[in-house]
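>
Protein chains in written order, with the working numbering: chain A, 76 to 396; chain B, 76 to 396.
Structure, rendered in structure tokens:
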């Protein structure tokens, strides 16, 4: 659930007048997105999304995020594109916050993931990775393997409140990850948060990606590892190999995978599970249970981690099958 | 902040296919409205609002509310109009809730009320009252004078937690209201909740009314009394006579006020202050302060009540001035 900055009518009119997008007909807060305040802005031209960036996003990163989505759109990867002001800016200020107007993306995220969604995601992700290769800015992944020890340390002592023995399990896993983390795979821009609510579909076709606020440079297969975690487990906890295979096959049809990339999948999938386990654990321990946001269960990712720990090779994800 | 019922993609598609409104392009929860779940539904035809009625609205009242807005729209009073299904229904079921699709109303509610808003509101309210006279259904006002004693009784003993002596003040006021409440004024359909966030404007012109979920039959001037409370006090607590005069004059130009109606304004304004004081007090005492909703301060209405208690006649609201 998003925070909302109150925008005065006069401020909104002045802000919108800085863009060539027609006159405001309506502006309503949207109940989606956690990091920012999003408004559906309907003008005499079209619907748009107005985003006010709240405190969780580093303002210094905004030119990267907005530049990336503009670049991807121009390269044919569907995503909300910043609208440039009459003076050519993508980022301005509204009600004391950095603010941008972006194009409205048709489609809806799948509430129930089906096999065809996974295939479409694989294809679309590969196209995004190819298009991202030509983007000139870069941003390090500050939630990758080198950050996990520090993140775990902040939960130390309290991690066992969630589950007895949890911090021991995580410390042991971290040893393995730090020792075996690949470093030689193809890199580029990854989305790094491709959960179902960030991928829109219209009927069965992928209509676009949203929320690039974790996008960064990293090994491309790490994006896939995140998706294996986020899209291929059923609600009962079972891993669905068909979904994984469809995702990987559709991806590889657009950008062929090297043998190293395939072999690295199990360890990358463990790492991705670790990353979401740790951030959820941190949020769990640092968010009062009466707060405005819904806390996500960190243990969901412990079960996923255990699945990946037990696999014997990339065949578990449907490769070579 | 609204509650949100999760809607599956399949349920939404099936639901929308029952209407002649094109295909779904997008459906996003809107962060407005307290009683219901509202979604902005964009189809290949147009934007619409999809409302799922949550528990606070009595399903038996829905035909009245939906019938009223359809009637008002047809009479030229701008408000969201229910879209009839292919089978002619205004109310169907979605995700286990009564649900309706209504037209999208352009405009925004004024974050800062100005004089011209009050004049427009007066005119628009009078037109709504005239149009409502031809509506055939009726619904009693279950939050009028006869309900207040019961409402106060539920707060008895705890009202003084909010302010020492509060329940004594309210009991004394209730005596006066019950004794002097008018019963002979022109009646009809009133909106009964015309706060600024329920009245949309486009530039300076009123573009429509929303949220008719308190609409009922009552003395028409009671709607005005609510608006005097909701629109004419400044943030510092000062009553703005200019705003009241503009509202009343613009109203009377469309529907002339009788002398009885004018004389009754002070007592009606006291009653309206009492009604919102009591419901806010009830919510204050019965909502944990950690809950998902923002509690509104009941004492704001104690100060308003005191203003109305002190006035010497309708001149205080700008009449005959």
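Ideal Cβ placement from N, Cα and C applies to all residues, glycine included.
For chain A, check one thing: does any of its Cβ atoms lie closer than 8 Å to the Cβ of residue 107(B)?
yes
> Going along the chain, which unbroken runs of the beta strand (DSSP E) with 3 or more residues stay wholly within the stretch 283-310 of chain A?
291-294
> Which residues bound the alpha helix (DSSP H) around residue 197(A)?
190-207
> For chain B, is any of its Cβ atoms less than 8 Å away from the one on residue 318(A)?
no
> Could you tell me whether the stretch 221-240 of chain A touches the stretch 299-307 of chain A, where touching means 3 or more Cβ pairs closer than 8 Å?
no
> Report the rounded CA-to-CA distance for residue 297(B) versus residue 143(B), giving the unit in angstroms.
18 Å
> Is there a Cβ of chain A sitting closer than 8 Å to that of residue 101(B), yes or no?
Judged by the 8 Å Cβ criterion, residue 101(B) is in contact with chain A.
> What residues in the stretch 183-207 of chain B bring their beta carbon closer than 8 Å to a beta carbon of chain A?
183, 185, 186 and 187
> Among 311(A), 300(A), 166(A) and 335(A), which has the Cα closest to the Cα of residue 320(A)?
When only C-alpha atoms are compared, the closest one is 300(A).
> Just confirm the distance between the C-beta atoms of residue 262(A) and residue 295(A), as a whole number of angstroms; I'd bet it's less than 8 Å.
7 Å
> Do you know offhand how far residue 393(B)'s Cα is from residue 325(B)'s?
12 Å
> Pick helix, strand or coil for residue 351(B), following the three-state DSSP scheme.
helix
> What residue range is occupied by the uninterrupted alpha helix (DSSP H) comprising residue 137(A)?
137-149
> With DSSP collapsed to three states, give me the class of residue 187(A).
coil
> Excluding sequence positions up to five away, which residues of its chain have a Cβ less than 7 Å from the Cβ of residue 281(B)?
195, 196, 199 and 274
> Just the chain A side, please: which residues come within less than 7 Å of residue 279(B) by C-beta, in chain order?
Result: empty, since nearest Cβ-Cβ is about 11 Å, beyond 7 Å.
> Could you say which of 395(B), 311(B), 205(B) and 377(B) lies nearest to residue 323(B) if we only look at CA atoms?
395(B)
> Examine the Cβ distances between the stretch 323-342 of chain A and the stretch 210-223 of chain A and report whether three or more of them are shorter than 8 Å.
no
> Does chain B have any CB closer than 8 Å to the CB of residue 397(A)?
What is shown of chain A runs 76 to 396, which leaves residue 397(A) out entirely.
> Could you please tell me which residues of the stretch 259-276 of chain A, in chain order, have their CB closer than 7 Å to any CB of chain B?
Within the stretch 259-276 of chain A, no residue qualifies.
> Among all the DSSP beta bridges, which residues are the ones paired with residue 104(B)?
114(B)
> So with CB distances below 9 Å, who are the chain B contacts of residue 122(A)?
Result: 101, 115, 117 and 122.
> Any C-beta of chain B within less than 7 Å: which residues of the stretch 289-317 of chain A qualify?
Residues: none.
> Return the Cβ separation of residue 356(A) and residue 234(A) in integer angstroms, given the expectation that the two are a contact with Cβ distance under 8 Å.
Right, the Cβ-Cβ distance comes to about 6 Å (below 8 Å), so this counts as a contact.
> Could you tell me whether the Cβ of residue 337(B) comes closer than 8 Å to any Cβ of chain A?
Not closer than 8 Å to any Cβ of chain A, the Cβ of residue 337(B) fails to qualify, so no.
> Would residue 170(B) pass as a contact of residue 285(B) if the rule is Cβ separation under 8 Å?
Result no, Cβ atoms of residue 170(B) and residue 285(B) do not sit closer than 8 Å.
> With distances taken from CA atoms, which of 354(B), 94(B), 112(B) and 202(B) is nearest residue 121(B)?
94(B)
> In the DSSP assignment, find the beta strand (DSSP E) that holds residue 277(A) and state where it starts and stops.
For residue 277(A), the enclosing beta strand (DSSP E) begins and ends at 274-277.
> Taking 8 Å as the CB-CB limit, is residue 148(A) close to chain B?
no
> Closer than 8 Å, CB to CB, is residue 375(B) near chain A or not?
no
> Hey, residue 183(A) and residue 147(A): beta-carbon distance below 8 Å or not?
With a cutoff of 8 Å on beta-carbon distance, residue 183(A) and residue 147(A) are scored as not near each other.
> Look up residue 225(B) in the DSSP assignment and say whether it is helix, strand or coil.
Helix, per DSSP.
> In three-state DSSP terms, what is residue 90(B)?
helix
> Classify residue 138(B): buried if its beta carbon has 16 or more other beta carbons within 10 angstroms, exposed otherwise.
So residue 138(B) counts as exposed.
> Are the beta-carbon atoms belonging to residue 100(B) and residue 126(B) less than 8 Å from one another?
no
> Could you spell out where the alpha helix (DSSP H) holding residue 240(A) opens and where it closes?
Note, residue 240(A): premise wrong, no alpha helix (DSSP H); not H, not E.
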